[in-house]
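Quick notes on the structure that follows.
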Amino acid sequence: MITESLRPALAVGTALLAALLILLFGNRIKPNLREAITLTAAAIMAGLIFSMVPEVLKGNVLISNLWTIADGLSLKLKTDGAGMVFACVAGGLWILTSIYSIGYVRGHHEKNQTGYFAAFAVCLASAIGIALSANLITFFIFYEMLTLATYPLVVHYRDEKAKFSGRKYLAYTLVSGQLFFVAIVFVYVKYGTCEFTPGGFIEPGSMGSGIMCILFFMMTIGGLVKAGVMPLHGWLPSAMVAPTPVSALLHAVAVVKAGVFCLLRVVCYVFGPESAYWCSGSTILCWLAAITVLLSSLVAMRQDNLKARLAFSTIGQLSYIVLGISLLSAYSIAGALFHIVAHAFLKITLFMCAGAIFVTTGLSEISAMRGLSKRMPVTCACFTAASLGIAGLPLMAGFVSKFNILEGALIMGKPFFMVVLVAAALLALTYLIPVVQIFFGRENSAATLNESHGHGGRAGIDAAPAMLIPLVITAVIAIILGCIPNAGLHLYDMAIMAAEEITGGGGVYLAK
Amino acid sequence: MSELIEKLEFFLADRGIYMLTLILFAVAVYGMIACGNYMKKLMCMNMMQVSIIFFFLTFGQKNGGTLPVAIDEVLSAEAYINPLPHALMLTAIVVSLGTTGVGLALLMRIKDIYGTIEEDRITGDGGKKQ
Amino acid sequence: MNQIADHLPVLVILLPLCGTLLCPIISHFNINAGKRTVITALFLSIVCAVLQLIQVITTGEAIHYWLGGWAPPIGIEFVIDGLNGVVILLVAIISFTTALYSSPFEKLERIDRIHSAGYYSMLAFLSVGLLGLSSTGDAFNLYVFMEITAISGYGLIAVGEDKGPIASFRYLMTGTIGACMYLLGIGFLYAATGTLNMADLADRLTGLMDSPLIVMSAACLIVGFGIKMALFPLHGWQPAAHSYAHPAADPMIAGIMIKIPAYAMLRFFFCIFDEQSHVMQLFFNAIGVMAVIGILFGSLKALRYDTYNKILAYSSIGQVGYIAMGFAIGNFYGIIGAILHIVSHAFMKAGLFYTSGALKYKYGIHDINELGQVYRKMPVTSLTMVICALSMIGLPPFAGFFSKWYLALGAIEKGNYFYVAVLILSSLLGAIYFFRIMEKLFMGEKTAREKELPEKSRFELPWQMLLPLLTVVAAVILLGLFNAYIVNGVLKTTIWEVVLT
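Residue numbers (the working numbering), protein chains in the order written: chain P, 19 to 530; chain V, 918 to 1047; chain L, 85 to 585.
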């Protein structure tokens, strides 16, 4: 059943309004009041999104048909399974990252806090917009908004290094955005529609396979760049100069997830599995993703900077999702969708831990963190749990999704990719477990015990509560989702629903 | 020989005047580009406008036509030349007067600022004030 | 009341003209009253423009106004349809905001009665010229208005900075060549058809399109309009003129003075000539080549400069290329893109020049290297700069994105993929130079010092300057979000009925 409802639009609007308010009054009101705006908006938005979940589970679709944005196309938001999964994750995590951000920026005495929180809100608004867009032009508008809103976050420190990363970020995202733009226009001219349709609206054979393959990559490049699939990942590690909550947001919630989500929309809702397979775009995508998964794990092992290591881990895990999408079976698509959720919670926990360690002890290099568990036991425990989750150990969120993707590869008869998937899971262990070993190592390096270490380091046991609480919550949620994938918001059901919608309810898409 | 003269006469009567205005136009544009003195440039600009005015006036002409002033004996419209281009060119002359006036005012200002209206002297020293 | 409503098309132009003439007289007695006369006249002109646009939309028919009651083709006719109704409103709005914006500069420069009166007269006269240019339905009348525009423009450029008179004189030379070429062009048209009324011309030209007279005429018109709209390679006068014009009048000069000839070009090439004919197709290809080279040239040149105005001026050369590209594409979406770009670019460029003027007013900044940290003191100016710049790059949801969207739509529909490639390349080059400015603004070292201002203001700028900035921001955002209403409600029928027939 399709119902007109303003709820999807309100969800996006709340965050935008919050951004506007923060920008207008942020410097005039007290920081507490300003943060109250963020938190209230986050709570309202999350409430709105969660309230739509039951409707979606019942099979209802809520549509906000706002207004005609360009001749023949309207600004339109709608809820479907895939979109809701992403929206729930982004909306839910905004509250936690906000709380964490407040702890972080205050603990770290950051400058330009107003701009920071405003950009943060715009980022989240765009992420929700991306999740709920019903057609390509709405999608593209939010997509570019996200690009722009992330830029001030990347260049937050405003030094030479930040400028350089900012330029690199813009170079990658704007170029890919423009190619995406041309592809959208082309599709609109050729097929006369921009509406996302489960299973796609591009018929195989409606143009030459070579041209369709080019079009496929022009459309997916937007997603590939944001998802950091090699060789287009260059911006991601450089964007690490940003404050840690930003990295958490970039790497776990908004930007990279928007990238894979873009890929999902293009592959499954514009091209559809049949055309994607027919023009051999999905096959190339599989290989790209497989190579990225393996290479990034190898690179991650060599990184001593904790955030850099996590960045490369992100690249690898996202390619996991890309691989799941491009395998084109119902299981793998559902797995990919659920991995968006799982990875979001796991990676944000890891980043929050990294940030908490940095603010509390001033450490950013792994080799200096020996014996950290004595100083920050809770943080280290959460880090360990999340690491195991990333590696895909059973009873952790990562397991459910990875198993589904694996199953998909099995059904599609792609043994090579199964090997890649298993190998990647093991490689994830090799680069995260040593970190845990160092945390729990016996020797105490001098630095970890030096309580008032630079950067406004904080005395006392473990990190500040504003940082500690969110990361504990995310870690707990990650474990719960691992044991009961359907806990709470039924995200797993929605993922399955979306996957069945795409593949036509048959469960398996068989390659012709 | 007489044939040649006849042809020449025909050419002058038919096309020659257009050729002359064209030459005038070309000379004027050349002058605007080539002259280094802003005053000469302005004069060439005026010449160019005059050539356009000539052009309009000549295509209003016709053989045997008389001035477009109502004369009692001549009643048919065919006997008059086309008055419209003349009327238009009156306006164009006014406009060209206006442009020339602005041009002259600008030259005075340039002379005030730079002390010269020679292009190479103004741009030669990097456009600095004297 | 009804009688006034009948005379709206001429009132729009008459009011600023009255302002022009009255301003020097009133200024003789009271300097502020003269200024206010002009501002009031321009404001009333906006009201009339709005009323006439509403009339056009509600009746769905073009207004034909016969000056002095003389019927065309003998008399001069003003024709207002959906297309130029929008353009007239645009001109009226930017004229009014610019007049408002100018008043603080007057106090800053402490100029005397004569200069003030002259400045406002010229500003109103420029407005008269541009409004006339967009409403007239007579080819020769268009020439007169074009020269009115040009003459007042020369004046406003000359009263600008030190190099103003030189820039103005060069523009005078080139501009006069342009006007003469235009005159020559309509001379040929008149010789071929015996009429100068645009509608009449269009009728009589059917079947004549291959005649050498028409070919010559079209060639002359391209050169004429090309010079006026600074289309590559006829742009030589533009960078200096836009950089050194009076900072207060610059938004108008850079914002609309080069757009309205582009609109006139559209009128000639689509409404008068038969755009389907073989000859015109060749000319459109030529325009396309000029546009493409212009877009790339302008964007590349803009990368080289550190002077804010120079960057904006060269970027205009590129952006005018967008409009010309729309003509070259020549189908429905191409034209829509071109018209939307005329409107949106007018606002964006005017907005950027408003910020440039504001920076000169408060800090005396010309160079982008001095911009560092200025945003802390001038948040509204910086916001305007950022929004206009993003719109210039063509990022959603601002106006610039949608004109680019329609242009790309038109180009792909016609199969001109090369144009699309140029469009995105130019966007990316635009991103480089605009983000360079923004990087300096937000991340540069603090260097600039505030000037001594004649009066303290409660806000970052006097309200007369803030209002134009906010108008532009609102326009860029609203034009972006609600462009479909303009396209469907106003432009669509006109374009199908008048332009593409």
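Heads up, the beta-carbon is just placed ideally off N, CA and C, and yes, glycines get one too.
Residues of chain L with CB closer than 8 Å to the CB of residue i, please, in chain order.
| i | result |
| --- | --- |
| residue 86 of chain P | 568, 569 and 572 |
| residue 946 of chain V | 261 |
| residue 181 of chain P | 523 and 527 |
| residue 955 of chain V | 253 |
Among the options, which has the Cα closest to the Cα of residue i?
| i | options | result |
| --- | --- | --- |
| residue 265 of chain L | V/942, V/921, V/922 and V/925 | V/942 |
| residue 362 of chain P | P/379, P/441, P/188 and P/499 | P/499 |
| residue 519 of chain L | L/466, L/571, L/560 and L/505 | L/466 |
| residue 45 of chain P | P/223, P/146, P/222 and P/132 | P/132 |
| residue 104 of chain P | P/354, P/208 and P/319 | P/354 |
Report the neighbours of residue i on chain P: residues whose CB is nearer than 7 Å to its CB, in chain order.
| i | result |
| --- | --- |
| residue 476 of chain L | By Cβ distance, chain P contributes nothing, its closest Cβ being about 13 Å from residue 476 of chain L, past 7 Å. |
| residue 486 of chain L | 88 |
Skipping 5 residues on each side, what residues in its chain have a beta carbon closer than 6 Å to that of residue i?
| i | result |
| --- | --- |
| residue 268 of chain L | 304 |
| residue 236 of chain P | 197 and 201 |
| residue 358 of chain L | 293 |
| residue 251 of chain L | 241, 324, 325 and 328 |
| residue 514 of chain P | 352 |
| residue 385 of chain P | 322 |
| residue 140 of chain P | 37 and 167 |
| residue 182 of chain L | 335 and 336 |
Establish whether the CB of residue i and some CB of chain L are separated by less than 9 Å.
| i | result |
| --- | --- |
| residue 918 of chain V | no |
| residue 1030 of chain V | yes |
| residue 93 of chain P | yes |
| residue 949 of chain V | yes |
| residue 170 of chain P | yes |
| residue 528 of chain P | Residue confidence for residue 528 of chain P is low, a pLDDT of 42 falling below 50, so the modelled location carries little weight and cannot support an answer. |
| residue 1020 of chain V | yes |
| residue 1026 of chain V | yes |
| residue 206 of chain P | yes |
| residue 185 of chain P | yes |
| residue 1039 of chain V | yes |
| residue 1023 of chain V | yes |
| residue 220 of chain P | no |
| residue 155 of chain P | yes |
| residue 942 of chain V | yes |
Ignore the nearest five residues each way along the sequence and tell me which others in residue i's own chain have a CB closer than 7 Å to its CB.
| i | result |
| --- | --- |
| residue 122 of chain P | 261, 262, 263, 373, 377 and 485 |
| residue 259 of chain P | 175, 179, 180 and 183 |
| residue 355 of chain L | 282, 286, 582 and 583 |
| residue 119 of chain L | 187, 200 and 204 |
Give the residues of chain P in contact with residue i, contact being defined as C-beta atoms less than 8 Å apart.
| i | result |
| --- | --- |
| residue 481 of chain L | 87, 159 and 163 |
| residue 504 of chain L | 200 and 203 |
Would you mind telling me which residues of chain P sit closer than 9 Å to residue i, beta carbon to beta carbon, in chain order?
| i | result |
| --- | --- |
| residue 512 of chain L | 189, 192, 193 and 196 |
| residue 565 of chain L | 85, 87 and 93 |
At the 9 Å Cβ level, is residue i part of the contact set with chain P, yes or no?
| i | result |
| --- | --- |
| residue 154 of chain L | no |
| residue 420 of chain L | yes |
| residue 515 of chain L | yes |
| residue 193 of chain L | no |
| residue 452 of chain L | no |
Nearest chain V C-beta to residue i closer than 9 Å, yes or no?
| i | result |
| --- | --- |
| residue 490 of chain L | no |
| residue 212 of chain L | no |
| residue 307 of chain L | no |
Name the chain V residues whose beta carbon is nearer than 8 Å to that of residue i?
| i | result |
| --- | --- |
| residue 464 of chain L | Neighbours of residue 464 of chain L on chain V: none; closest Cβ ~34 Å, over 8 Å. |
Using the beta-carbon of each residue, which ones in chain L are nearer than 9 Å to residue i?
| i | result |
| --- | --- |
| residue 1016 of chain V | 231, 234, 235, 238, 256, 259, 260 and 263 |
| residue 284 of chain P | By Cβ distance, chain L contributes nothing, its closest Cβ being about 18 Å from residue 284 of chain P, past 9 Å. |
Measuring from the CB of residue i, is there a heavy atom of the ligand ADP at a distance below 8 Å?
| i | result |
| --- | --- |
| residue 46 of chain P | Of ligands this structure carries none, so the ligand ADP is not represented either. |
Short-range partners of chain V found in the region 234-260 of chain L, where Cβ spacing is below 8 Å: 234, 235, 238, 239, 242, 246, 247, 249, 250, 252, 253, 256, 257 and 260
What residues in the region 987-1011 of chain V bring their beta carbon closer than 7 Å to a beta carbon of chain L? 1005, 1008 and 1009
With 7 Å as the limit, tell me which residues of the region 959-986 of chain V have their beta carbon closer than that to any beta carbon of chain L; keep them in chain order. 962, 965, 966, 969, 972, 973 and 976
Name, going along the chain, the residues of the region 263-285 of chain L whose beta-carbon falls closer than 7 Å to a beta-carbon of chain V. Within the region 263-285 of chain L, the qualifying residues are 264, 267, 268, 271 and 275.
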